[in-house]
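Residue numbers (my numbering): 34 to 776.
Even for Gly, the Cβ is constructed at its ideal location relative to N, Cα and C.
Working notes for the structure below.
Written as structure tokens, this is what we have:
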């Protein structure tokens, strides 16, 4: 407390006497931040680093504070080992899909900006030590952002011959493993171990884990188990060493060690499971096998969910049931799942080249699910003379037919339908295949169930209303109707410039492709390139402005406002609506209501606009109006909402029956709330409990930023501690907050 008071007094002095020397004060701030880290209070540490920069802009320790900020964000949010998850299910219900693990773009982009700025400026004598570590941190940030090539350029020049260099070596080894070079990953780790005298210093435990993973991929299970067991032995020394390092502020070492050891135990269990071949019988459960190019995939993680269930991610893995393939590539789930969807993890480097084939066989009336990783089809799409022209390269297989589909936006979450465009019986002598169809013919298929005349796919980005897009997909089959490859449907179909249902690619760009794939940083780069060449492109300005407004990782309201100012100067009619969205992000809710209510009264407001309007009423605790406008968004679009806010509004109004009905009828995955709401509806609660419950939900009425997330976390912990007997209320609040603060 004395130190805290001293800092506050010093801050006041700084305001009135800016010329005073603050060397002792800034040292004290850094010390208090360090103590906050030791107490695992990351938010407080970051706050002190920010205060140092705000109140002591001439302090020689600012560079150090920035470096530590980057270190905290990097280790607190990174997900080592990037994978793309292919999920496939029964052909009549689901098509091949790609799910990327949780994005760290927001934090990683911030980390990269800090580090690159430090790399470009001159550092004081006391901070010169930072320069030596910048390449390590920058390479890790590039790796987390998926820019593997840039990470490799840096890591390839490091000599891994001392304990400190074991930290960047973990990234280098993971990249080798991601690229399928398992032997290379093992070699660089063994070379490092041979150069180090004391293995109790450095990242020995994690390197042994990576070595074990590489041996699993190679089928060397004895070596893998040995590596995992040695990894456990070095866990204590690794985390003790990390905690003492100046180059990184290590957070919660005890908890991190426990999590690490639990993960290693799972991997040891996995290796032992792989040893035991699975024999298919008529017992309960679900059996299947996985292969790549006809060879079994050994030790592969297999995930299972069911049609209609949202695939959530926890850490770097999907939050679904999981098992592993055995020595023969077979897997077994002890429980039967109706309408199953299976997932396979693929390294990011391989993701663009591999898709998943799905086949269902029966043996003694028991289904056997066969999954196979298959290559993707390289394809291109363009409009020529009012025709849609698709050019694609055949895979190196004996293909007997190709099928071309339009995959429209998901209307019914229980069943996803594909619209068959054509079947092609190829001449295998052709190196490329051209297919064309008049645009009018595709328009008649109505591939776009438009939400409203003025809505376009790129309008609905981010937390409010995703998934409004259609794809062209190409599939190749052999004579037995086995899927040999597909194109993954990465071509978006647009709506023409006259706002009619149809197809147009005249504004189609790489930026649009990146947007539909969720690669928003790359989308921003592409849109900015377009505007450099054509500064008057209003469509691209609007796309870019909305990315800056709604998408985590590239969000910059100031840049969006700058683009809006340019649109106004060019006489664009879209500026009022876009201004309302900017005002929403700036919490000018009354101005938002004025514009959007007038648009709604004129019956020209789209569903995304209704959702923004509903959020403004939620913020003002006007629950009836909030629910009304969410309902209009739902009925106008005909698609269930991805936002849990209508349930939150009902709960804040203590209308749990209404919350249940809304979850059932309006929310995409509302079933997840049924158990909690059923229990809550059957009980009577004291007024004090309900009051605290509403207080717990209050942060969910505000914009989903970090401060409001922290406010919810505190309220949630306090409520759980005060009322452990009412766990159904805290569980409901946690589920509602999950989507709200999902990055």
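For the putative contact between residue 339 and residue 371, defined by C-beta atoms under 8 angstroms, what is the C-beta separation to the nearest angstrom?
-> In the chain shown, counting from the first residue as 1, residue 339 sits at position 306. In the chain shown, counting from the first residue as 1, residue 371 sits at position 338. The Cβ separation is near 6 angstroms, so the contact holds.
Examine the Cβ distances between the segment 301–316 and the segment 358–365 and report whether three or more of them are shorter than 8 angstroms.
-> yes
Thinking just about the alpha-carbon of each residue, which of 455, 459 and 460 is nearest to the one in residue 474?
-> Against the chain shown, residue 474 aligns to sequence position 441. Checking every option, the nearest Cα to that of residue 474 belongs to 455.
Check the DSSP bridge columns for residue 264 and list the partner residues they point to.
-> Position 231 of the chain shown, counted from the start, is the residue given in the question as residue 264. None; residue 264 has no bridge partner.
Of all the alpha helix (DSSP H) runs that stay within the bounds of the segment 136–223, which reach a length of 4 or more residues?
-> Segments of the alpha helix (DSSP H) lying fully in the segment 136–223: 138–153, 162–177, 181–188 and 199–211.
Contacts around residue 79, its chain only, beta-carbon distance under 7 angstroms, and the 5 residues preceding and following it disregarded = As a first step, residue 79 is located in the chain shown; it is residue number 46 there, counting from the start. These residues qualify, in order along the chain: 102 and 105.
Looking at the unbroken beta strand (DSSP E) that takes in residue 339, where does it start and where does it end?
-> Here the question's residue 339 lines up with position 306 in the chain shown. Element bounds for residue 339: 334–339.
Please look up how many angstroms separate the CB atoms of residue 428 and residue 509, rounded, as I've assumed it's under 8 angstroms.
-> Residue mapping note: residue 428 aligns to position 395 of the chain shown, counting from 1. Residue mapping note: residue 509 aligns to position 476 of the chain shown, counting from 1. Rounded, the Cβ-Cβ distance is 6 angstroms, consistent with contact.
For residue 580 and residue 587, believed in contact at Cβ under 8 angstroms, the rounded distance | Mapped onto the chain shown, residue 587 falls at position 554. Mapped onto the chain shown, residue 580 falls at position 547. Rounded, the Cβ-Cβ distance is 6 angstroms, consistent with contact.
Assigned exposure category for residue 714 - 16 Cβ within 10 Å defines buried = Start at 1 with the first residue of the chain shown, and residue 714 comes out as number 681. Exposed.
Under a three-way DSSP split, which group does residue 513 fall into?
-> Position 480 of the chain shown, counted from the first residue, corresponds to residue 513. Coil, per DSSP.
Residue 431 burial status per 10 Å Cβ neighbour count (16 or more: buried) = As a first step, residue 431 is located in the chain shown; it is residue number 398 there, counting from the start. Under this definition residue 431 is an exposed residue.
Residues near residue 677 by beta carbon distance below 6 angstroms, same chain, minus five either side | Mapped onto the chain shown, residue 677 falls at position 644. Closer than 6 angstroms at Cβ, skipping near neighbours: 769 and 772.
Could you spell out the range, first to last residue, of the beta strand (DSSP E) harbouring residue 354?
-> Within the chain shown, the letter at position 321 stands for residue 354. Following the DSSP letters along the chain, one finds residue 354 inside the beta strand (DSSP E) bounded by residues 354–357.
What are the partner residues of residue 644, as DSSP defines its beta bridges?
-> Residue numbering aside, residue 644 sits at position 611 when the chain shown is read from its first letter. Secondary-structure assignment with DSSP links residue 644 through no beta bridge to anything.
From residue 180 to residue 282, what distance separates their C-alpha atoms?
-> Translated into the one-based positions of the chain shown, residue 180 becomes position 147. Translated into the one-based positions of the chain shown, residue 282 becomes position 249. In a straight line, the C-alpha of residue 180 is about 25 angstroms away from that of residue 282.
Run of the alpha helix (DSSP H) containing residue 750, from where it starts to where it stops | As a working mapping, residue 750 is identified with position 717 in the chain shown. Where residue 750 is concerned, the enclosing alpha helix (DSSP H) starts and stops at 739–755.
Quick one: give me the first and last residue of the beta strand (DSSP E) that residue 424 is part of.
-> Position 391 of the chain shown, counting from 1, holds the residue named residue 424. First-last of the beta strand (DSSP E) with residue 424: 420–426.
Name the two residues that bound the continuous alpha helix (DSSP H) containing residue 593.
-> Here residue 593 refers to the residue found at position 560 of the chain shown. Element bounds for residue 593: 590–602.
Could you round the C-beta distance between residue 260 and residue 241 to whole angstroms and report it? I think they count as a contact, below 8 angstroms.
-> Taking the chain shown and counting its residues from 1, one reaches residue 260 at position 227. Taking the chain shown and counting its residues from 1, one reaches residue 241 at position 208. Contact holds; Cβ gap of about 5 angstroms.
Applying the criterion that 16 or more other CB atoms from any shown protein chain within 10 Å of the CB defines a buried residue, is residue 732 buried or exposed?
-> Counting from one through the chain shown, the residue named residue 732 turns up at place 699. That one is buried.
Pull up the CB-CB distance for residue 337 and residue 367, whole angstroms please, since I reckon it's below 8 angstroms.
-> Here residue 337 refers to the residue found at position 304 when the chain shown is read from its first residue. Here residue 367 refers to the residue found at position 334 when the chain shown is read from its first residue. About 11 angstroms separates the two Cβ atoms, so there is no contact after all.
State the Cα-Cα distance for the pair residue 734 and residue 648, rounded to the nearest angstrom.
-> Residue mapping note: residue 734 aligns to position 701 of the chain shown, counting from 1. Residue mapping note: residue 648 aligns to position 615 of the chain shown, counting from 1. C-alpha separation (whole angstroms): 8 angstroms.
Which term fits residue 142, buried or exposed, when burial requires 16 or more other beta carbons within 10 angstroms of its beta carbon?
-> To locate residue 142, count along the chain shown from 1; it is residue 109. Looking at its Cβ environment, which holds 16 or more other Cβ atoms inside 10 Å, residue 142 is buried.
Do you know whose CA, among 393, 659 and 642, lies nearest residue 650's CA?
-> Translated into the one-based positions of the chain shown, residue 650 becomes position 617. Of the listed residues, the one whose Cα sits closest to residue 650 is 659.
Distance between residue 401 and residue 319 (C-alpha atoms, nearest Å) | Taking the chain shown and counting its residues from 1, the one referred to as residue 319 is at position 286. Taking the chain shown and counting its residues from 1, the one referred to as residue 401 is at position 368. Cα to Cα, residue 319 sits roughly 7 angstroms from residue 401.
Would you call the segment 213–222 and the segment 162–179 in contact, with 3 or more CB pairs under 8 angstroms?
-> no
Starting from residue 690 and walking both ways along the alpha helix (DSSP H), at which residues does that stretch end?
-> On the chain shown, position 657 is the one that residue 690 refers to. Element bounds for residue 690: 689–698.
For residue 76, does the count of other Cβ atoms within 10 angstroms reach 16, so buried, or fall short, so exposed?
-> For this step, residue 76 is matched to residue 43 along the chain shown. Flag for residue 76 reads exposed.
Does the distance from the C-beta atom of residue 674 to that of residue 730 stay below 9 angstroms?
-> The count along the chain shown starts at 1 and reaches residue 674 at position 641. The count along the chain shown starts at 1 and reaches residue 730 at position 697. Result no, Cβ atoms of residue 674 and residue 730 do not sit closer than 9 angstroms.
Once you ignore the five residues that flank residue 152 on each side, which residues in its own chain have a CB closer than 6 angstroms to its CB?
-> For the purposes of this step, residue 152 is taken as residue 119 along the chain shown, with counting starting at 1. Counting only Cβ-Cβ distances below 6 angstroms, and skipping sequence neighbours, we find 167.
Using a threshold of 9 angstroms, state whether the C-beta atoms of residue 755 and residue 725 are closer than that.
-> In the chain shown, counting from the first residue as 1, residue 755 sits at position 722. In the chain shown, counting from the first residue as 1, residue 725 sits at position 692. Their beta carbons are under 9 angstroms apart, which means residue 755 touches residue 725 by this criterion.
Would you list the one or two residues that DSSP bridges to residue 414?
-> Reading the chain shown from its first residue, position 381 is the one you call residue 414. DSSP output for residue 414 lists 423 as bridge partner(s).
In this structure, does DSSP put residue 435 in helix, strand or coil?
-> The residue given as residue 435 occupies position 402 in the chain shown. Strand at residue 435.
Where DSSP assigns a beta bridge to residue 324, which residues make up the other side?
-> By one-based count along the chain shown, residue 324 stands at place 291. In the DSSP output, where bridge partners are listed per residue, residue 324 has 329 and 405.
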